[in-house]
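See structure below.
Numbering (my numbering), first residue to last: -19 to 123.
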C-alpha cells in the first residue's frame, strides 16, 4: 500500500489523531511575519486543522491537498472549498503572503523536491514567508 492509499483508507483515523494537535508556537512564529489579513496557502492541508485556525484569526486562506478523502474532511472542517491538487500541480504566481506546509513536503518524492520548492517560491508574493515542517517537534528556526 502506498502513501496515497494509506491516507485515503485511514483519513478519519488521521483526523482523530491530529485535529487537536497544539501548534500554537508554530502558528505564532509564522504569523508574526505576516501582514494583517494576509493570504495564506495551506499546502497539503490534510484534515484542515491549520486552515481552520488561520481563518479564525482573520486570514484569507487557500488550501489544497492531494488526497480525495483529506479534501472531503478539510472542506467539512473549514467550510471553504479545499482544492484537490498536489504540490507538483500547483501553479500560483505571486499570490500569497505566506505558504504553510505542515508535515507535508516529506511526501514529495526526492527527485521532485527542487521543482516543488520552485513552485512554492513562485506562489509567494515578494517578501512572502514560507513555513515548512517535517513532523512534530518544538524546534523552530526563524529567518
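Glycine residues also receive a C-beta, built at the ideal position from the N, C-alpha and C atoms.
Computed from a predicted model, the values in this text were never measured in an experiment.
The segment 29 to 39 makes no contact with the segment 86 to 102, as fewer than three CB pairs between them are under 8 angstroms. Note on geometry: alpha-carbon atoms of residue 58 and residue 31 lie some 7 angstroms from one another.
Residues 67, 96 of the same chain have their beta carbon placed closer than 7 angstroms to that of residue 88, with the five preceding and five following residues left out of the count. Under the DSSP definition of a beta bridge, residue 81 partners with 112.
Restricting attention to 91, 86, 73, the CA atom closest to the CA of residue 108 is found in 73. When DSSP states are grouped into helix, strand and coil, residue 40 belongs to the strand group. As summarised for the segment 4 to 59, the continuous beta strand (DSSP E) elements at least 3 residues long and confined to that stretch are 19 to 23, 40 to 45, given in chain order. The residue among 93, 24, 78 with its C-alpha nearest the C-alpha of residue 9 is 78.
Residue 47 and residue 56 have their C-alpha atoms roughly 14 angstroms apart.
When only Cα atoms are considered, residue 93 and residue 112 end up about 13 angstroms apart.
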